Structure formats: C-alpha cells, structure tokens
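Read top to bottom, the protein sequences are chains Y and D. Just so you know, the first sequence maps onto residues 1218 to 1546 in our numbering. Just so you know, the second sequence maps onto residues 81 to 591 in our numbering.
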Amino acid sequence: MTEQTADSGHGGFSMHRVTERIGIHNISLLVALVGLLVIFGVLRGDVFFSTRNLLNIGMGVAILGVLAISQTGVIVSGGLDISVGSIVGLTTVATAMAIQATDMAGVGLLAGIVVGGLAGLVNGLLITYGRINAVIVTLGTMAIFRGIAFILSNGQSISIFNDAFRWIGTGRILGLPAPLWILVAVAIGFYVFMHKSIVGRNYYAIGGNAIVARLSGLNIPSYRVAIYVVSGIMAGVGGIMLAARTGSGQPISGSDGLELEAITAAFLGGCAMQGGRGTVVGALLGVAIIGVLNNGMILTAVPTFYQMLAKGTLLILAVFLAEYRLNKS
Amino acid sequence: MRTLFLRTRGLTRHFGPVRALTDITLDVRSGEVLALVGENGAGKSTMMRLLEGVFPPSRGSIEIEGREVRFAQPREAHAAGIRVIHQEPEIVPDLTVAENIFTGDLPRRGRVFLDWSKLYADTAALLETFGMAGELRPRQLCAGLGPAQRQMIEIMRAVQAGGRMIAFDEPTSSLTDEETGRLFDIIRKLRAEGVAIIYISHRLAEITELADRVAVLRDGELVDDLPADGITEQKITRLMVGRPLSDMFPDRAAATGDVVLEVENITTEHVTDVSLNLRAGEVLGIGGLIGAGRSELAKGIFGFHRRRAGRVLIHGVELPSGDTAAAIAAGIGFAPEDRKEEALLLMQTILENAVLCVPQKVSSGGFFSRSKALELISGISKQMRLKASSLDAPITSLSGGNQQKVVLTRWLASDLKVLILDEPTRGIDVGARSEIYDLIRNLTDTQGLGVIVISSELPELLGLSDRVLVMADGRIRAEFDRNDASEEAVMAAAITHGSAEASAQLEGVGQ
C-alpha cells in the first residue's frame, strides 16, 4: 500500500511540519546567524543594530548575494565558476566604456549583460566541449578576463557621470537601496527557476548523476553550457551594480575575494561538492552570515589580515560540513 | 605433498537481504589445482573477495593450516600468502616491469634508498625462471604491454611475494591459445612447487585439462566438490545449472502482434553487427556471460552509446543515433542493470525519481505541478504495490525491490512501446521478483508492449522469454525458440563462443 502524504501536508500546524518545511540545514544556518547577531550585538550593540549599519550590511551583500545564488546553480549542476569576480571587474569596465561612449544608461546595462554572458559562454564551451575540468577552466579565465579588463581600460579607472545609471547603485525604493531590490528580484527569479521549473529541476538530476540524467533523455551539454552563461550574466549584473555604486569602471573591481565569498556562501547554503544539492534560500542565509561576519569584524576592529584568515577558514569549514553531512546520510 | 592449506567453515556473506554466499565449507590443498565453477552470480567472486580480505564474512571462518584467520584488508591476506590474480591485472603503466613486480616490496639500500641493481638483477632472475626473459626486460615500461604480459607480471609479483595460495579469476579470457598454454605450464610448475591453486573459468575444457578437483557453486551454495578424474564438460554444466524451473513464472501468451522494434545491423564501440526484432506482446530474452555485450546492446538501442553503423526503428521510423531523448519520445524505456549508478537519483525522493522521464505530463507552462505528479504516480505505484511510507520519502529509504518498482513506475508513466530490462531482479528478494515477473507479463499481454529482458539467471531468462538470443563477444551467437531453449543449450552457446579465438575459429568453419 502506498500512503499519500500530500493530504497530510495540508493538515494541522505542528513544529515538525515547520522544521520539515524549512529544512534542518537552513535551521542550523539560522541558529548560526542568530549566534553571530548576539555576539556582535553584545560587543558593539551601540552601532550594530542601527538602521544605518543594517543597511550597510545589506548594501555590502547585495552583489555577493546575486553571485552566490547563481553560483549555487552552477554547483548544483555539478560545476564550479571561480571566474565570477573577474567577470564583475570586466563588466564594470565594459559598462563604463559603453556609457562614456553613448551617455545612455540602457547601453551600459546591455554592455554589462552581454559581456558577462559572453564570458560565461567561453567558460561553458571550454568545460563542456573542451572537456576540461571546470575548476581549471575558470581558474584560467579568471586571469584572462581580468587581463582583458586591464587591457581595455589601460589599467585606468573609467568614470561614469550618467545619473540614471548611477541610480541603480545609489537610489532607493520604499526606503531600501536599489541594489537590495535587485537581489530580491534575482532571488525570487532563481527560486522559481531552480525549485519550480522543469528545466531548473533537471539541473539537480544532471548534478546528482549525469548517467541517470542522460538515460532519462536530458541533453546534458546544452544544460551545462547554459548554466555558465547564466553565471556570466549574473556576474555582469553584479558588475553593473558595482559600477553604478562606485560611479566608475575599474579593472581591479571584484578582485578582493568576491568569488571566494560567493562560493563560501553557496557551500554554507548546503551545496554538495559533486552537485545535485543546494538551495536558493540556503545560499541567501550563507550570504547573510558572511555579511554579518564581515560587518561585525570591522566594527569590532578585527585587523584586516585576520579577517582574511576567518573567510578562508569559513569556506573550508562549510565544504567540510557539507561533505560530512552527505557521508553521514 | 597435497597437504591442507586453507579451509573455510560455513562461510556466509549477505549483502543486505541478499545472500551472495551460503555456508561454504571447502578445503584448498597445497600442490593441487582446485577449479571453482558456477554461473554468473553463483558466488565465485564473493568467495574470492572473502579469501582476499576485501570484505569480511557475515558468518563462518577461514583457517590457514589449522589456525583461524581474520583479514581486515587485502594486505593482511597477502601477508598470509593469499593472492588473487584478477581479470584486469593491476599494473601501473608508467613504472618499469621490475618496479611493478616488486611493488610494495622494493629492495632497499640502507633505509631510504632503492637498490636499483638488486631490483633489476632479481627481476632478471625471475623472468628467467618463468621463461619470459626473451619477452620482457626489467627496465621496460609497462605502458605498452599486452594482457598476457600484464598478467604474467601479476603472477610473478604474487610468487615473489611468497604467495602460497594463488587464485586465478578467469585468467584466459583475453589470452591467445599459445599464451594460455604457457600459463598452464606455469600453473603446473607452481603446483609442483607446492602452491595451492584456485582456478576460476567458464571454459570447461580448460577445467577438465588442468584441475585436480572441481567445486561447483550454484546460487551461493556449494553443490558439489568432486575429483576431476573422469569428469566431463557435460557433467559440470549439469551441476552448474541443474535446478528445477520454479513455477514463479506466469503463463505466456500464445500470440504476438506486429513488429514494434527493428534493430538492423547495429555496431557500436561495444557490439558488432547486431540485428533483432521485437513484436508487440513479446518477451525477448537476451542471455550470455557477463561482458558479452548485452547491456551495451541495450544502451546502443536506447541511444546511450553512439551507433557507428546500422539502424534502429520503432514502427518503421528510424531513431537518430546517440539520442536518448528521441528514444524515449519514440516509446522506448530502459531500466539499467546498476540501479544505484544508472537509474536512480539517490539524493532525491521517490516522486522526483518517478517523474524523471515525463516532464511534459507533470508540468504546466514549464513549471512542475505537484498535483499532476501525485495523480500520475500514485495510481501507478498502487498498481505496482510499491511499499513506501510516502512518495516524498527519500529513494534510499526503499528496499532494492521497491527501488526497482520506482524505476518501472518511471517508465510506465511514459507512453511505452518497448521496455528494455537489464537484469531486472538483480539483488531483489523472491517475493518482489515474482511480482516483477507478473508485471512484465501483464505489460505484454494487456498493454501490448514488447519487452526485452537481459538476464544472467537462466531460469529467469527461460521462464520469461518467448524467444531467447544468446550473445558473446558483442555479437548474437544463437537464437532459440521457447520450445528449443534449455539451460544447457543457452549455456553451451554462451560458453562455446566465449572468446575471440573460439569465435574466429567458428567463423572460419562457417557459422
């Protein structure tokens, strides 16, 4: 006999149902987040919970959030994209150059998205049809895209004076900064795509077991290429956000460990190294933890060098915990 | 000379609910060649792995010269003098012949440095003893060596490491006749020196030629242990397969319909020039030994492997090569042999696994519809008598039989014309087996499907099939009508053609 739980799902409200709904993993992330809030609240309660500081945290993680969410998609498919930081840098330059040439915000947006998408396409084609390991390909293109950004800009910062474009980084809607709204839109879009659409669910199959996916009739190469294009476009969106906020295109942008933080957030959020597992909500919680940690460490005057130490440790710990959980199950 | 070296007492090994080996009590004597025979899955490999310490027995014990031993890992078995020469020799291609032979036991100068001159001198002496001096040089890299030479290196490794019992697992499957002859000379020499030999082979002629004693395994049990004197191939075959056909199998339909699937002369990387056709309502069995190319044929038809030549047609319409999506769209379903590696997404739920091949039926506007999925799958899973706490339970929470039912549910959810089942009851208990047999017959008789069943279990193959094809070396070697098919005939066809040499000879005669 098969019992159906579909009916029981609509039944009474119970703690058990709530845990099941949110997921054990996300609950532990929430606990960790609350723990951090308590620690920094106790240490610097005067500043930490001020509206200004909380908005600061939000602004700080908006770009990271976009990258962590698309990184989750890549990791679920069984890949990894460590070139995203460089694509951000490249797209800030492309966007700034486009706006300098035309003084049109729309052209700047288009330039960022197209250049990001092309960069992702290069990654995807090399990984899928060149049959080169994703880590190696994106490690190589990480240097290549950064190099192109320097060549295009001649190593100089390119200023952006277009106000409409600057609004993307500095404007507010309902009191919240525009970058946060972009993050919300990307998160909702990806949530629906990854968890509700057939195509998104197929990525879980491909990352979970490529042989099973192929024997189920999925065209794996085109899925693989597409996810890197998406990752490139999202890095382009990140580049647009950064260029709009700083009012400039800088080849050095995004080189301060943005990919490290994005990958850390994805693994904190429950991604499995070999693919097939990971959620958008988890990635957002991972991003929140990193944002609070970054902000708290600055407020409590942890020296920069030690902050780097903490971030690296967090990535290794996140992957260790993810693998440990997987082996246990 | 023939003294007892090793004895197993009541050796038993389960894998979950499956009994791979039951209560084996067997002696292995020094200076004697013991042949171990049995069908695929009879328990020979399990026996070897227990002796070599790959995994421990569930019950029972192993004694060496009267003392009980327990091996936690192969290294300990090796230290006790037990060596297994595997079908695929474990040779490091980038090392020299000498280094491969002395792996793990390289001569040293002082504590740290390798004594190259001693290594090469010892290797040269060993090559001389084995009559390989003209063929292999100590300093030669192993990368370009053929299977016979690799195997010889593994044998020399076993001997130089002080192997007192050497087991050969299908050693001649990739050897020429001449190489086989030389191997036999070496085995006889080892026997004369007092090494205990276990010899596993499907080639019964080799066994009557070489063995002193024959032990027969069937369904994980030792059915006979007898001297090889005067034994015939016919007698061994009878012992291997001789069990009554159970009455687990449903009655077969008398009539079948039109041809659904035509396979015309397909060749892939693994199979050569295979043709077959399948009618609606028919069960076509494919038999043969492991490695005969049966699973590869299924994957070639299904489009998992690219075709180099030939055509696959469903109702007269040709399918593109290497395109699983087109095969599924045309109505072919394929349940592979290895459920965990090739059929199931182990991180996902029963429901997610069940709807994998029918996205168009469980979605609206490109988005997954849980209600449609539940409606579709709950009906089929009830019909399949799936035992699960909930369709949202992880797939890994199910038993092997129920996991297989989920795989079948996946295909029944799509509109099938042809279903290919590769070892459909492997690792499945008897109860679920007969349910799966009933289901297969139900599909052919009431829904008019054509079903291909690949099975290494002869009773299953013969009990289910309307027609049986036998494969060997990637080709179809024999076809039997249900009335002509007997276990002995199928086995004989699979074994007689079981090597490239044998088949080449047969083709020369004109098959």
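No residue lacks a Cβ here, since even glycine has one placed at the ideal position from N, Cα and C. All figures in this text were calculated on a predicted structure; none of them were measured in a lab.
| Asked | Found |
| --- | --- |
| Exposed unless 16 or more other CB atoms sit within 10 angstroms - verdict on residue 1522 of chain Y | exposed |
| Coil, strand or helix - residue 347 of chain D by DSSP | strand |
| Buried or exposed (CB count within 10 angstroms, at least 16 for buried), residue 109 of chain D | buried |
| Within 7 Å of chain Y by C-beta, residues of the segment 435 to 459 of chain D in sequence order | 436, 437, 439, 443, 446, 447, 448, 454 and 458 |
| Start and end residues, beta strand (DSSP E) containing residue 94 of chain D | 84 to 95 |
| Cβ-based neighbour list, residue 575 of chain D, same chain, cut-off 6 Å, excluding 5 preceding and 5 following | 282 |
| Below-7 Å beta-carbon distance, residue 1294 of chain Y vs any chain D residue | no |
| Interface flag, residue 493 of chain D vs chain Y, CB-CB below 7 Å | no |
| Residue 541 of chain D to residue 533 of chain D span [Cα, whole Å] | 7 Å |
| Proximity winner among D:135, D:93, D:84 and D:102, relative to residue 147 of chain D (alpha-carbon distances) | D:84 |
| DSSP bridge partner residues for residue 50 of chain D (one or two, in chain order) | Residue coverage of chain D in this structure runs from 81 to 591, which leaves residue 50 of chain D outside it and unanswerable. |
| Minimum length 4: unbroken alpha helix (DSSP H) runs contained in the segment 1459 to 1529 of chain Y | 1475 to 1485 and 1497 to 1516 |
| Through-space distance from residue 1387 of chain Y to residue 1380 of chain Y, alpha-carbon basis | 10 Å |
| Where the alpha helix (DSSP H) containing residue 1243 of chain Y begins and where it ends | 1241 to 1265 |
| Bridge-paired residues (DSSP) for residue 162 of chain D | D:245 |
| Whole alpha helix (DSSP H) elements within the segment 171 to 204 of chain D, 4-residue minimum | 177 to 181 |
| Cβ contact check for the segment 1405 to 1424 of chain Y and the segment 1284 to 1304 of chain Y: 3 or more pairs under 8 Å | yes |
| Residues within the segment 474 to 488 of chain D neighbouring chain Y, beta-carbon criterion of under 9 Å | 474 and 476 |
| CB contact below 7 Å: residue 1541 of chain Y versus chain D | no |
| Below-7 Å beta-carbon distance, residue 1528 of chain Y vs any chain D residue | no |
| Beta-carbon spacing of residue 234 of chain D, residue 169 of chain D below 7 Å | yes |
| For residue 482 of chain D, three-class secondary structure by DSSP | helix |
| Own chain, CB closer than 7 Å to residue 601 of chain D, minus 5 neighbours either side, in chain order | Only positions 81 to 591 of chain D appear in the structure, and residue 601 of chain D is not among them; the question remains open. |
| Range of the contiguous beta strand (DSSP E) that encloses residue 355 of chain D | 354 to 359 |
| Any C-beta of chain D under 7 Å from that of residue 1376 of chain Y | no |
| Bridge partners - residue 255 of chain D, DSSP secondary structure assignment | Answer is none; residue 255 of chain D lacks a bridge partner. |
| Residue-chain proximity (residue 1444 of chain Y, chain D), Cβ-Cβ < 7 Å | no |
| CB contact flag (residue 1539 of chain Y, residue 1500 of chain Y, <7 Å) | no |
| Collapsed DSSP secondary structure at residue 1421 of chain Y in the structure displayed | helix |
| Nearest neighbour of residue 100 of chain D, chosen from D:297, D:259 and D:431 [CA to CA] | D:297 |
| Length of the line joining the Cα atoms of residue 225 of chain D and residue 1282 of chain Y | 54 Å |
| Closer than 7 Å at the beta carbon, the chain Y residues around residue 408 of chain D | 1434 |
| Neighbourhood of residue 397 of chain D by C-beta distance below 8 Å, restricted to the same chain and skipping five residues each side | 410 |
| CB contact flag (residue 372 of chain D, residue 552 of chain D, <7 Å) | yes |
| Members of the segment 418 to 433 of chain D that neighbour chain Y once the beta carbon cut-off is set at 8 Å | 421, 422, 423, 424, 425, 426, 427, 428 and 432 |
| Chain-ordered neighbours of residue 416 of chain D on chain Y, where CB pairs are closer than 8 Å | 1432 |
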